[in-house]
Amino acid sequence: MQQYLDGLRYILKHGTPSDDRTGTGTLSVFGLSMRYDLADGFPLVTTKRVHLKSVIHELLWFLSGDTNIAYLKANGVSIWDEWADASGDLGPVYGKQWRDFGGVDQIATLVAQIKANPDSRRLIVSAWNPADVPDMALPPCHTLWQVRVLAGKLHLQLYQRSADMFLGVPFNIASYALLQMMLARVCGLEPGTFVHTMGDAHIYSNHMEQVTTQLGREPRPLPQMEILRRPDSIFDFTYDDFRIHGYDPHPAIKAPVAV
Numbered sequence: 029m030q031q032y033l034d035g036l037r038y039i040l041k042h043g044t045p046s047d048d049r050t051g052t053g054t055l056s057v058f059g060l061s062m063r064y065d066l067a068d069g070f071p072l073v074t075t076k077r078v079h080l081k082s083v084i085h086e087l088l089w090f091l092s093g094d095t096n097i098a099y100l101k102a103n104g105v106s107i108w109d110e111w112a113d114a115s116g117d118l119g120p121v122y123g124k125q126w127r128d129f130g131g132v133d134q135i136a137t138l139v140a141q142i143k144a145n146p147d148s149r150r151l152i153v154s155a156w157n158p159a160d161v162p163d164m165a166l167p168p169c170h171t172l173w174q175v176r177v178l179a180g181k182l183h184l185q186l187y188q189r190s191a192d193m194f195l196g197v198p199f200n201i202a203s204y205a206l207l208q209m210m211l212a213r214v215c216g217l218e219p220g221t222f223v224h225t226m227g228d229a230h231i232y233s234n235h236m237e238q239v240t241t242q243l244g245r246e247p248r249p250l251p252q253m254e255i256l257r258r259p260d261s262i263f264d265f266t267y268d269d270f271r272i273h274g275y276d277p278h279p280a281i282k283a284p285v286a287v
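29 is the number of the first residue of the sequence shown in our numbering; add one for each residue after it.
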C-alpha cells in the first residue's frame, strides 16, 4: 500500500488549503491516481486497521439496491448513520442508482455484457444521476466505474469525485477491489488491476495528527482475500463467502467524520 502512503505525502507537500461543504477545511490536490495489481495481494491498508466487516456489508448492501440503513444496523455497521433520516432512509443513493438508474439495472446489465462481449469498452456503471442528486442524503463520492477485460483478466477503474484520504479512501480501495474480485468470479475471469482515480483528493484539517501517526508506521505484507464459492449470480454472495488471510495491521487510528 505504498502508493496510498505516497498519496498522503503528496497532498501534505503539494496540497492547497481549501474551504469545504462541512466547514472543516482541507488540504487538497486535484487529480490523483493509484494502481493496485490484485495478484500482489488484497489492497487493505496495513498502517492502520480497516474495518473489513463494514466494507463487505456495505458492498452487499449496495448490490442489493437497498438505500435504508436497517440492514447495516442489523449487522453492526454504523458508517451511514450520520446521513440517514429518522426512518433510516438515505434517498436514491448508490444502491438505487446501481440497480435502478432510470429503470436500468446497471449491475445485471454489466455482468451480462461482460459475459456476452468481454472486449467491450462500454462496461460502465454510474452512480451520478443528476435528476436524483438533490434527493440524496449524500451525493456519490465514488461516482463512476469502468470494467475492462484483457487476456482473461478483469480490470476495474474507479473515478471518485471527492476522496477523504485518511478515513474514506482505504475503505473505498478495499470495497472496489472486492467488487472487482466478485465480478471476476461470477464471470469466470481472473482479477487484474484496480485503478483508483480521484478528483479532489484531500486531507481534512482535523486529520493531520492522525496522518502523521500513520506515515510513521512501517507497512506490513498485504493479506490475501479468498472467495469461497462461485455463486450463480453476483447478487447471491453473502458475508460468509469471504475470508481474509494474513491481515496483521497496525492498530486503528480514530478520527472525526466530516458531515
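Using N, Cα and C, we set each Cβ at its ideal position, and we do this for glycine too. Source: prediction; values computed, not measured.
Item: Residue 301 to residue 220 span [Cα, whole Å]; Value: Since the first residue of the chain shown is 29 and the last is 287, residue 301 is not available in this structure.
Item: C-beta atoms of residue 283 and residue 238 nearer than 8 Å; Value: yes
Item: Option in 45, 262, 162, 83 with minimal Cα separation from residue 104; Value: 83
Item: Those residues which DSSP pairs with residue 106 across a bridge; Value: DSSP, once it has assigned bridges, lists no residue as partnering residue 106.
Item: Length of the line joining the Cα atoms of residue 30 and residue 122; Value: 29 Å
Item: With 16 other Cβ atoms within 10 Å as the buried cut-off, status of residue 81; Value: exposed
Item: Residue 148 versus 138, 154, 156, residue with shortest Cα-Cα distance; Value: 138
Item: Contact the segment 190–200 vs the segment 226–236: 3+ CB pairs below 8 Å; Value: yes
Item: The segment 153–161 contacting the segment 100–118, beta-carbon criterion three pairs below 8 Å; Value: no
Item: Burial state of residue 102 (16 or more Cβ within 10 Å); Value: exposed
Item: Which listed residue (95, 269, 262) has its alpha carbon closest to that of residue 212; Value: 262
Item: N-terminal and C-terminal residue of the beta strand (DSSP E) that residue 184 is part of; Value: 181–192
Item: Residues near residue 152 in its chain [Cβ-Cβ closer than 6 Å; skip 5 each side]; Value: 174
Item: Uninterrupted alpha helix (DSSP H) stretches inside the segment 130–186 (no shorter than 4 residues); Value: 134–144
Item: Pair within 8 Å by beta-carbon distance, residue 55 and residue 243; Value: no
Item: Reference residue 224, options 199, 167, 85, 236, closest by Cα; Value: 199
Item: Cβ distance (whole Å) where residue 172 is taken to contact residue 208 below 8 Å; Value: In fact, because the Cβ distance is near 15 Å, the residues do not count as touching under 8 Å.
Item: Beta-carbon spacing of residue 276, residue 255 below 8 Å; Value: no
Item: Beta-carbon proximity check, residue 205 vs residue 71, cutoff 8 Å; Value: yes
Item: Buried versus exposed, by CB contacts within 10 Å (16 or more), residue 203; Value: buried
Item: Residue 197 and residue 259 closer than 8 Å at C-beta; Value: no
Item: For residue 128 and residue 96, believed in contact at Cβ under 8 Å, the rounded distance; Value: 14 Å between Cβ atoms; not a contact.
Item: Given residue 170 as reference, the closest of 181, 163, 160, 201 once Cα atoms are compared; Value: 201
Item: Backbone secondary structure at residue 241 - three-state DSSP; Value: helix
Item: Contained alpha helix (DSSP H) runs [length at least 4] in the segment 41–92, N- to C-terminal order; Value: 80–92
Item: Among 39, 88, 167, the one whose alpha carbon lies nearest that of residue 210; Value: 88
Item: Top-ranked residue by Cα proximity to residue 92, from 61, 144, 65, 134; Value: 134
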